[in-house]
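Visitor: Numbering (the numbering used here), first residue to last: 3 to 149. Every residue, glycine too, gets a C-beta built ideally from N, C-alpha and C. Starting off with a structure, shown below.
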């Protein structure tokens with residue numbers, strides 16, 4: 003049974019002002035420092051993926067604690083050099099909410115977005131051929147195409 007109820011995804015990108023050598027050094031420092039930060043915060047299953055022009059990571063936490071994610075955002079923003087920006091996506095595995103953080107050198111912003119049980123009414127509905135459609139007033143019956 004999974005005891006980890008929250009997941010954190012991150013993506014850091016580098017702007018063109020960084021030379022290749024500077025980018026490699028920044029990525030090594032960022033990976034090391036963020037890994038230590040996440041371990042101190044109680045993260046598990048850390049996975050860092052360097053992509054050449056970006057760095058991604060993901061990890062899990064036992065609980066979805068917003069104050070922990072805010073502290074992580076604050077500390078990463080303090081670590082980021084000029085020319086590097088990041089985004090964090092913190093997802094409660096109960097799908098009650100998700101938090102998105104935007105990080106730059108010395109600053110961060112945050113937004114909470116709910117994850118509703120039902121989809122927004124304006125979304126397209128895709129049908130699977132042969133499946134009995136669920137009655138909805140605005141839907142058209144289809145054959146695997148949008149309605």
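(1) As a quick exercise: from 115, 40, 5, 114, pick the residue whose alpha carbon is nearest that of residue 78.
(2) When we look at the beta-carbon of residue 65 and count the other beta-carbons within 10 Å, is it buried (16 or more) or exposed?
(3) For a test of the three-state rule: what should DSSP assign to residue 98, helix, strand or coil?
(4) List the DSSP bridge partners of residue 88.
(5) On the three-state DSSP scale, how would you describe residue 62?
(6) Please state the DSSP three-state secondary structure of residue 21.
(7) Short of 8 angstroms in beta carbon distance, which residues of its chain neighbour residue 45, apart from the five on each side in sequence? Order them along the chain.
Guide: A quick look at the data gives this:
(1) Indexing the chain shown from 1 puts residue 78 at position 76. When each option's Cα is compared against that of residue 78, the closest is 40.
(2) Sequence index remark: in the chain shown, residue 65 carries index 63 (1-based). Answer is exposed; the Cβ neighbour count stays below 16.
(3) Working through the chain shown from its first residue, we reach residue 98 at position 96. Residue 98 falls in the coil class under three-state DSSP.
(4) Position 86 of the chain shown, counted from the first residue, corresponds to residue 88. Note: residue 88 sits in a beta bridge opposite 14, 105.
(5) Sequence index remark: in the chain shown, residue 62 carries index 60 (1-based). Correct three-state label for residue 62: strand.
(6) As a first step, residue 21 must be located in the chain shown, where it is residue number 19. It is coil, neither helix nor strand.
(7) Position 43 of the chain shown, counting from 1, holds the residue named residue 45. 10, 61, 62, 63.
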